[in-house]
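Asks: Residue 165 in the UniProt record's numbering is what sits at position 165 of the sequence shown, and the numbering runs on without skipping anything. One structure, as structure tokens, below. Some questions next.
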Amino acid sequence: MIIKPVPCLKDNYAYLLLDQKSKQAAAVDPVEPDHVLKALKAYPDYKLSMILTTHHHWDHAGGNPKLLKTHPVTCYGGSDQVDGVTHIVKDKDTIQLGDLTIKALATSGHTMDHICYYIEHEQDRAVFTGDCLFSSGSGRMFEGSPDNMWHAMAQLLQLPNDTKVYFGHEYTVSNLKFANHVEQDNQDIKDKMAWAQQTKCTTPSTIANEKLTNPFLRVNLPEVAKLITHDENATVSEVWGKLRKMKDNF
């Protein structure tokens, strides 16, 4: 399994997912198809065979129609709102890319059709999180609720610690500034900030690192929750929602 980040637009990431056995490739959120196809030329033996779309927002799905004109492949997404979608996937559905089994995880909240794609192959594990989970951050709630978002976070927390997290935007430094504002005594956040400020492309992260540095995955910890709300009876979802409002106004 090979995963190649493809920077697009101002701060987006598309990705190429390559199966080394079958020489098949998947394009993840190929908002700028020309960039993705140029990246694929570095792997001349590989053939594009599918598109994986995390959600319907234009900066993730907007390139699908153009790519499909030249490469009429299967296009997966979470709803018929996804431009060019040919196959709608639901939670726990599986997709086969050659030797790779891709599992769809329904992670609604940012949009109600948001899907993360998880792959476990031999010793490698990876998840494409779109705008659900960023490095040390999370996407805004455009369509869902705090309950939706925390349910999505809880699903991702269950993935193995060594799972590599391939997110949809390069927001890492700004996310860490907010994370440090919330948890001012968290040395892991400070260490990651020092690294990220010197690193142009910070994808991928890992689930293990996100558990240490991402406040949106840490709201279930009492020591973090008390930094966000004084309400000792608040549910984890309510704490998550309060944290999201803090970030929106940061």
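Idealized CB from N, CA, C, for every residue including glycine.
Does the stretch 69 to 84 come into contact with the stretch 42 to 50, if we say contact requires no fewer than three beta-carbon pairs (one atom in each stretch) closer than 8 Å?
Replies: yes
Asks: Report the rounded CA-to-CA distance for Ser145 versus Gln155, giving the unit in angstroms.
Replies: 16 Å
Asks: For Asn175, which of helix, strand or coil comes out of DSSP?
Replies: helix
Asks: Answer with buried or exposed for Asp99, where buried requires no fewer than 16 other C-beta atoms within 10 angstroms of its C-beta.
Replies: exposed
Asks: Do the CB positions of Ala153 and Phe216 come within less than 8 Å of each other?
Replies: The question names Ala, yet the displayed sequence has Met at residue 153. Against a cut-off of 8 Å, the Cβ pair of Phe216 and Met153 comes out as a contact.
Asks: Whole angstroms are fine: how far does the CA of Lys190 sit from the CA of Thr129?
Replies: 24 Å
Asks: For Ala14, write down the residues that DSSP places opposite it in a beta bridge.
Replies: Val6
Asks: Pull the bridge partners of Ala154 from the DSSP assignment, please.
Replies: Ala154 pairs with nothing; no bridge assigned.
Asks: Going by DSSP, which residues form a beta bridge with Ile88?
Replies: Gly77
Asks: Report the option in Val82, Glu32, Thr206 and Tyr15 whose CA atom is closest to the CA atom of Gly137.
Replies: Thr206
Asks: Can you tell me whether Arg140 is helix, strand or coil according to DSSP?
Replies: coil
Asks: Does the contact criterion of 3 or more C-beta pairs under 8 Å hold for the stretch 118 to 127 versus the stretch 176 to 185?
Replies: With a cut-off of 8 Å on Cβ pairs, the stretch 118 to 127 is not in contact with the stretch 176 to 185, counting fewer than three such pairs.
Asks: Can you tell me which residues form a DSSP beta bridge with Leu217?
Replies: Leu217 is not bridged to any residue.
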